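In what follows, a structure is listed as structure tokens, so that the remarks can point back to it.
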């Protein structure tokens, strides 16, 4: 069983989940001398992504790890957030006021960079590994990790099934759950994950076109919709059209199934590769609908795709964990919070949460730091997310706010690529401020 992890170092922290947040957290721990292992139920790294932009502040974090320049070389730099409606441009927010640009990069590209940097430190991601048991005992976290592999079955009709090939039980001082919205770590903590707002559905289309965006991401406000137009590397763009009132019966049934079973799929493709509902066969994803959405909501967008390269229906929930952890078990990223797609807040703030956890854990393990620093972590990030989710305060107009924007603060808040003081500075550019 010892072959599952390296023998030449103790496991001091186990990171569950190998998305950007988990990989970044593991790298931050490893750079501070913490013996870390990473497990993920996926068969391979993700092949497509939804979260696709790094905030200016996140680039500063990556710079600490020596990865910023690599990211910028593969990214499309966005320097403006345009506020539009069907008639055209209404306002613009300068994103460089918060530091660097907003770097639009595919999530799989970011993950590849982080995984490679981990490998340079001797940390290999353990794919097809599931944490099947986890509990806190005697000041440590006791876990069981199962490694899965395919096994041929059947006589008349041959097929393969995923089976447990190896298991290992051990104790570790810390477990970080960066394992997404179905987080097993969160469930082991018995932490509530309530909805704090209704789910949002988006029809997403990606295609090559001469979009003329020139370094701008556009939020397009309708009476009831907030759509997003992203420029992508390689001359492509992505439209995300908000579908108010839409209900996906498949997604709702899946949600109920997961609530009853307490666990999700295992293993198929990475979760980020899967769409909600029936994929590109859904009527809302037909190419005729793309043309219809553009004509109705953004007639100024005259570029037409030669071919839609990717389309999907995405369901975004709005949730916030009642706690970010306790004892030796802590959460980061989507395991602790979910929000809409435009501001890419959940992933980006997850990087900061992982960075914060790495600092605290390394201090405790290597410098005799106090455990109550982790309780401060819980308090700090709960407050940040209550603010971003509009549960406390929210955006309100000042005397400089244009009339058309005064009632849209609640829709703009989750779309701003920042938090804390940088978010306040971005909002101030269009005459909005966070309520006390």
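In the numbering used here, the protein residues as written are 624 to 1059.
Quick reminder that beta carbons are idealized off the backbone N, C-alpha and C, glycines included.
None of these values were measured; they are calculated from a predicted model.
Are the CB atoms of residue 718 and residue 701 nearer to each other than 9 Å? yes
Mapping the DSSP letters down to three states, classify residue 935 as helix, strand or coil. strand
Would you kindly check if the distance between the Cβ of residue 642 and the Cβ of residue 957 is under 9 Å? Yes, Cβ-Cβ distance for residue 957 and residue 642 is below 9 Å.
Straight-line gap, residue 946 to residue 975 (C-alpha atoms, nearest Å): 17 Å
Which stretch, first to last residue, makes up the alpha helix (DSSP H) that contains residue 861? Where residue 861 is concerned, there is no enclosing alpha helix (DSSP H), although the beta strand (DSSP E) it sits in stretches over 859-865.
Whole angstroms is fine: what's the gap from residue 943's alpha carbon to residue 794's? 28 Å
In terms of residues, what are the limits of the beta strand (DSSP E) holding residue 854? The continuous beta strand (DSSP E) containing residue 854 extends over residues 849-855.
With a threshold of 16 other CB atoms inside 10 Å of the CB of residue 760, please say whether the residue is buried or exposed. exposed
Leaving out five residues before and five after residue 847 in sequence, what residues of the same chain have Cβ atoms less than 7 Å from its Cβ? 867
Out of 636, 634, 681, 654, which has the shortest C-alpha to C-alpha gap to residue 1045? 681
For residue 916, which beta-bridge partners are listed by DSSP? Looking at the DSSP output, residue 916 sits in no beta bridge, so it has no partner there.
Using only CA atoms, which one of 964, 751, 932, 984 lies nearest to residue 954? 984
Per DSSP, residue 644 forms a beta bridge with which residues? In the DSSP output, where bridge partners are listed per residue, residue 644 has none listed.
Any idea which residues DSSP pairs residue 752 with across the strands? 770
For the beta strand (DSSP E) that residue 707 lies in, which residues bound it at each end? 703-708
Nearest neighbour of residue 790, chosen from 772, 802, 980, 986 [CA to CA]: The residue among 772, 802, 980, 986 with its C-alpha nearest the C-alpha of residue 790 is 772.
Pick from 634, 843, 736, 657 that is closest to residue 987, judged by C-alpha positions: Answer by Cα proximity: 657.
CA nearest to the CA of residue 951, picked from 1000, 1032, 870, 711: 1000
May I have the straight-line CA-CA distance separating residue 1009 from residue 647, to the nearest angstrom? Going by C-alpha positions, residue 1009 is about 24 Å away from residue 647.
Proximity below 9 Å, CB of residue 808 to CB of residue 815: Not closer than 9 Å, so no.
Rounded straight-line distance, which links the Cα of residue 639 to that of residue 886: Per-residue confidence for residue 886 stands at a pLDDT of 39, beneath the threshold of 50, marking its modelled position as unreliable; no derived number is given.
Per DSSP, what kind of secondary structure is residue 1040 in: helix, strand or coil? coil
Of the residues 1004, 1039, 996, 1055, which one's Cα is nearest the Cα of residue 1022? Looking at the Cα atoms, 1055 is the closest of the given residues.
Using a Cβ-Cβ cut-off of 7 Å (strictly less than) and excluding sequence neighbours within five positions of residue 980, which residues of its own chain qualify? 648, 799, 953, 955, 1000
Cβ shell of residue 836 (< 6 Å), same chain only, five flanking positions each side left out: 854
What does DSSP give as the partner residues of residue 759 in its beta bridges? 764
Rounded to whole angstroms, how far is the Cβ of residue 843 from the Cβ of residue 707, which I believe are closer than 8 Å? 5 Å
So which of 1042, 1024, 1058, 1043 has the shortest CA-CA distance to residue 715? 1024
Simplified DSSP assignment, three categories, for residue 728: coil
Could you have a look at residue 827 and say whether DSSP puts it in helix, strand or coil? strand
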